[in-house]
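Visitor: Under this note's numbering, the letters of the sequence shown match residues 3 to 356, in that order.
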Amino acid sequence: MRAMLFERPGEPLKLAELPVPAVQSEEVLVRVMAAGICGSDIHIAIEGSTIPAFTPIILGHEASGVVEAVGPDVRDFQPGERVSILPDVVCGTCVNCWDGRSELCLHRQLIGIHRHGALAEFVVAPTRNLVRLPDGISFEAGAIATDAVATPYHALVRVGRLHAGERILITGLGALGLHAVVLSRVLGASHIIAATRHARAGQRARARGADVVWTGEVASWPLAAVDLVVDFSGDPRLIEAGLERLRPGGRMVLVGISEHPLSDLRLTVSAIVRRGIQIVGSYGAHPGDLAEVLALAQSGRINIENSVTHRFALADAYLAMEHLVDKWGDPIRVAILPTMAESRPSVLCRPVSA
Ligand SMILES: [Zn+2]
Ligand SMILES: [Zn+2]
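1) What are the start and end residues of each continuous beta strand (DSSP E) run of 3 or more residues lying completely inside the segment 148–182, in chain order?
2) Are there 16 or more other CB atoms within 10 angstroms of the CB of N131, so buried, or fewer, so exposed?
3) Classify T311 as helix, strand or coil using the three-state DSSP reduction.
4) Closest by CA to G161, which one among H288, G38 and A71?
5) So the alpha helix (DSSP H) W100 belongs to, where does it begin and stop?
6) Does DSSP classify F124 as helix, strand or coil?
7) Going by alpha carbons, who is nearest to R84 out of S140, R208 and R247?
8) Run through DSSP, which three-state label would L316 get?
9) According to DSSP, is D43 helix, strand or coil?
10) Count the C-beta pairs between the segment 151–168 and the segment 179–190 that are closer than 8 angstroms, then say yes if the count reaches three, no if not.
11) Going by DSSP, name the residue or residues bridged to A212.
12) Excluding five sequence neighbours on each side, which residues of the same chain lie with their C-beta closer than 7 angstroms to the C-beta of M342?
13) Considering only C-alpha positions, which residue in the set P136, Q26 and L175 is nearest to A299?
14) Check whether the segment 48–56 touches the segment 14–28, counting contact only when three or more Cβ pairs, one atom from each stretch, lie closer than 8 angstroms.
15) Pick out whichever of L31, L20 and E64 has its Cα sitting closest to the Cα of R38.
16) So, is F1 buried or exposed, given that buried needs 16 or more other C-beta atoms within 10 angstroms?
17) Mapping the DSSP letters down to three states, classify D90 as helix, strand or coil.
18) Does the count of Cβ pairs from the segment 244–252 and the segment 213–233 closer than 8 angstroms reach three?
19) Near S345, which residues of its chain fall below 7 angstroms by C-beta distance, leaving aside the five closest residues on each side in sequence?
20) Measure how close the beta-carbons of V220 and A201 come, nearest whole angstrom, since I'm counting them as under 8 angstroms.
21) Identify which residue in A203, G286 and A196 has its Cα closest to the Cα of D213.
22) Between the Cα of R206 and those of G176, L164 and L7, spot the shortest distance and give me the residue it belongs to.
23) Could you round the C-beta distance between V257 and A145 to whole angstroms and report it? I think they count as a contact, below 8 angstroms.
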């Protein structure tokens, strides 16, 4: 099979011809139809701030496809079925798995970081990672649903416990933050404020259902009092701005990853204690989240079909990552389509800056 191998950060991935992987007892071989590119791929392949378990490794953890073959102990899936693949490979027997929080499995491995990923013609995943892709949902939407939609869904529903009538502030409006806006609407938030430094991202959030958008300098943002803040930026300035606007007793959920020390936040212990606020992290999603997100998409309650804005052939996977870093053509999500012979010239041409 054709696969894109990562060896060292900052070096283009290499196209390789590898044997189609074999499936073990409860595993499934999936023919990849779409693989989303995510910030985590950029942390590995370009920045080097996340280090995969081994190299050379096939990256790619937001995938969908068609079941090609199943292991001898697989009963629930058959060749030909359309599926989305959740990236977290979990043990099923640790305290968090027992508690229904498998995204925090103590023995968790990630497809595309600890095992070979989906930037290839085929990927292997355990059966419990698969969720059937409903009719009418494209492979592209099914791929990005696994992370770019299920992760904000998990943060809002399971961790943030957003409920109808609440006021929410969403900071950081990449693909995850934008989907959080869309999801907050369907979950019944009474008022959605979307905040970002980037004007274009703000316009998008407005078009997708934010009631109010704050852009530009953080210092210029108005005061407000919200029940829930969810941050997708990892940026201390935005997190601080969110904390200042949290009502006493409110909740803050951190989703955006960064290596900033907490000392970068002007935050005192008493500001947490006296206001009785909760600050909690949310990482990833579990199969229940993905199933619910896909059900919402199938019923038409949310539209995630227009979230993939740029498509690339497998051989251009590294270019797709650079595309996302440089934001050429204002991408929301870019996807690799292994069945596409060649990327379209329009996505290959870097715009000439003035
Ligand atoms: Zn990701
Ligand atoms: Zn576990």
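Note that beta-carbon positions come from the ideal geometry of N, C-alpha and C, so glycine has one too.
Guide: Reading it off the structure:
1) You should have 169–173.
2) By the neighbour-count criterion, in which a residue is buried when 16 or more other Cβ atoms sit within 10 angstroms of its Cβ, N131 is buried.
3) The answer is strand: DSSP assigns T311 an E or B state.
4) The sequence as given places Val at residue 161; Gly does not occur at that position. For V161, the nearest C-alpha among the options comes from H288.
5) Per DSSP, W100 belongs to the alpha helix (DSSP H) from V97 to W100.
6) Strand, per DSSP.
7) Selection S140, R208 and R247 evaluated against R84 yields S140 as nearest (Cα-Cα).
8) Correct three-state label for L316: helix.
9) D43 falls in the helix class under three-state DSSP.
10) Counting Cβ pairs under 8 angstroms, three or more are found: they touch.
11) Under DSSP, no beta-bridge partner is assigned to A212.
12) If we look at M342 and ignore the five residues flanking it on each side, its Cβ neighbours are R313 and A315.
13) Measuring from the Cα of A299, the nearest candidate turns out to be P136.
14) Taking 8 angstroms as the limit for Cβ pairs, the verdict is that the segment 14–28 does not touch the segment 48–56.
15) In the sequence on display, residue 38 carries Gly and not Arg. Cα-wise, what sits closest to G38 is E64.
16) The question about residue 1 has no answer, for the chain in this structure spans 3 to 356.
17) Judged by DSSP in its simplified three-state form, D90 adopts strand.
18) Result yes; three or more Cβ-Cβ pairs closer than 8 angstroms.
19) So the qualifying residues of the chain are F314, A315 and D318.
20) That belief does not hold up - the Cβ atoms of V220 and A201 are roughly 14 angstroms apart, past 8 angstroms.
21) Looking at A203, G286 and A196, the one whose alpha-carbon comes closest to that of D213 is A196.
22) Nearest of G176, L164 and L7 to R206, Cα basis: G176.
23) With 8 angstroms as the limit, V257 and A145 do not qualify as a contact, their Cβ atoms being about 19 angstroms apart.
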